[in-house]
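Quick notes on the structure that follows.
In full-length UniProt numbering, the protein residues as written are 1 to 427.
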């Protein structure tokens with residue numbers, strides 16, 4: 001049984017030891033910032049402190065090999081003994097937790113896997129609200145039990161370097177879960193990831209099994225970040241409340257089964273069922289970024305049945321959407337964005353590496369193109385230099401009656417493109 005809590009109206013202690021004047025709940029919150037073993041050592045400070053650590057509002061467990069470089073980089077000062085942590089968890093019982101951070105590595109023996117899953121179960125039973133579980137090195141995926149999490153209290157979940165199975169990805173028994181972050185995780189034959197309450201979903205550097213497509217059903221989602229290796233792309237369900245989304249498909253030099261062909265094993269069920277894998281689920285977004293580092297077939301496939309982006313106001317695309325001579329992908333998505341206000345093209349450069357920024361608007365002396373939204377206010381092109389590839393895109397913009405100018409300096413190439421178009425069209 002928990003000892004009686006100290007009254008909040010505690011007279012200040014004499015001398016410099018004023019921390020003892022704080023009420024128990026404040027001390028328990030402070031202790032929660034310590035690693036679990038250091039929190040346990042506070043029990044020897046005084047009789048009053050004997051049990052405070054058991055009711056700390058946060059639990060920080062770090063079981064990593066002693067590597068000075070990585071420990072310094074990640075702020076991990078030392079590793080904690082797994083058996084000692086077992087004992088401390090038993091002693092603290094099921095006292096409620098606001099936060100738990102559990103970091104581990106080299107848990108590859110059967111006993112280690114059992115221990116880790118036992119820890120996860122214990123933390124959930126402590127009514128944790130925010131839970132981060134990280135495989136520190138992530139050289140091998142750690143497999144969690146294929147059981148769904150059951151918690152009315154969990155609001156935020158972060159998972160790193162884990163192997164996830166189908167039942168675990170059913171979050172219907174976590175009705176308060178709103179924020180889910182998955183990084184470096186592998187979805188093994190996961191047919192569905194679902195949550196009715198989720199509002200923020202981030203999936204970075206994750207891998208999806210080639211055995212089946214994962215259906216993502218998150219109807220209350222407001223923000224989506226999907227930066228993943230889409231060997232076999234997931235299928236996004238309807239997200240009517242979606243405000244912003246970012247989808248990035250990286251280049252995979254070491255994986256031969258990259259989805260670039262129309263006859264593709266990884267996408268055969270999408271083709272057979274005539275499904276739109278990604279774009280249909282993104283069609284309600286107000287702000288959208290679509291970035292591909294390869295000529296990914298899945299975007300080509302989706303564009304053949306491109307939905308209408310009826311709420312889309314800001315769109316970011318990279319150079320793989322701007323392929324001459326017809327620029328069909330760019331044209332298609334522009335035609336289906338009737339209220340678009342801002343278009344940003346990030347060409348042949350990374351996000352923060354551009355040197356030249358070019359802005360474009362409709363020319364007041366010519367009619368607006370039927371391809372582009374009547375609400376379009378500005379187009380921005382970001383690139384390292386105005387080379388031949390950018391020159392082709394600028395020329396295409398001129399065919400849409402959009403004329404570009406550099407806000408950094410007057411560029412002779414831009415002027416020549418515009419003059420050439422005007423001469424061709426009007427003279």
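Note that CB positions come from ideal geometry on N, CA and C, so glycine has one too. Since the model is a prediction, treat every value here as computed from it, not as a measurement.
Check	Outcome
Host alpha helix (DSSP H) of residue 395 (start-end)	388-399
According to DSSP, residues forming a beta bridge with residue 380	344 and 359
Contacting residues, own chain, Cβ-Cβ under 6 angstroms from residue 32 (five flanking each side not counted)	56, 57 and 58
Identity of the residues DSSP links to residue 179 by a beta bridge	156 and 200
First through last residue of the beta strand (DSSP E) which encompasses residue 166	Looking at the DSSP string, residue 166 is not in any beta strand (DSSP E), and its letter there is neither H nor E.
Expected contact under 8 angstroms - CB spacing of residue 203 and residue 226 to nearest Å	5 angstroms
Sequence-distant residues of its chain with Cβ nearer than 8 angstroms to residue 93 (five each side left out)	54
Extent of the continuous alpha helix (DSSP H) run through residue 39	36-41
Anticipated Cβ contact below 8 angstroms, residue 375 with residue 340, distance rounded	7 angstroms
DSSP bridge partner residues for residue 287 (one or two, in chain order)	244 and 314
For residue 302, three-class secondary structure by DSSP	helix
Backbone CA spacing between residue 256 and residue 211 [nearest angstrom]	Here the model assigns residue 256 a pLDDT of 43, short of 50, so the residue's position is not dependable, and the following value carries that caveat. Spanning the two alpha carbons is a distance of roughly 16 angstroms.
CB contact flag (residue 170, residue 194, <8 angstroms)	yes
Exposure of residue 429, with buried meaning 16 or more beta-carbon neighbours within 10 Å	Lying before the first or after the last residue shown, residue 429 is absent from the chain, which here runs from 1 to 427.
Cutoff 7 angstroms; reference residue 35; Cβ partners in own chain excluding five residues on either side	60, 62 and 80
Ranges of the alpha helix (DSSP H) found wholly within the segment 77-110, counting only runs of at least 4	82-92
Strand pairing of residue 429, partner residues [DSSP]	Here the chain has residues from 1 to 427 only, and residue 429 is not among them.
Reduced DSSP category for residue 142 - H, G, I as helix; E, B as strand; rest coil	strand
Extent of the continuous alpha helix (DSSP H) run through residue 293	Taken as a continuous stretch (DSSP letters only), residue 293 belongs to no alpha helix (DSSP H), as it is neither H nor E.
C-beta neighbour in chain D for residue 307, strict 8 angstroms	This model lacks chain D altogether; it includes just one protein chain.
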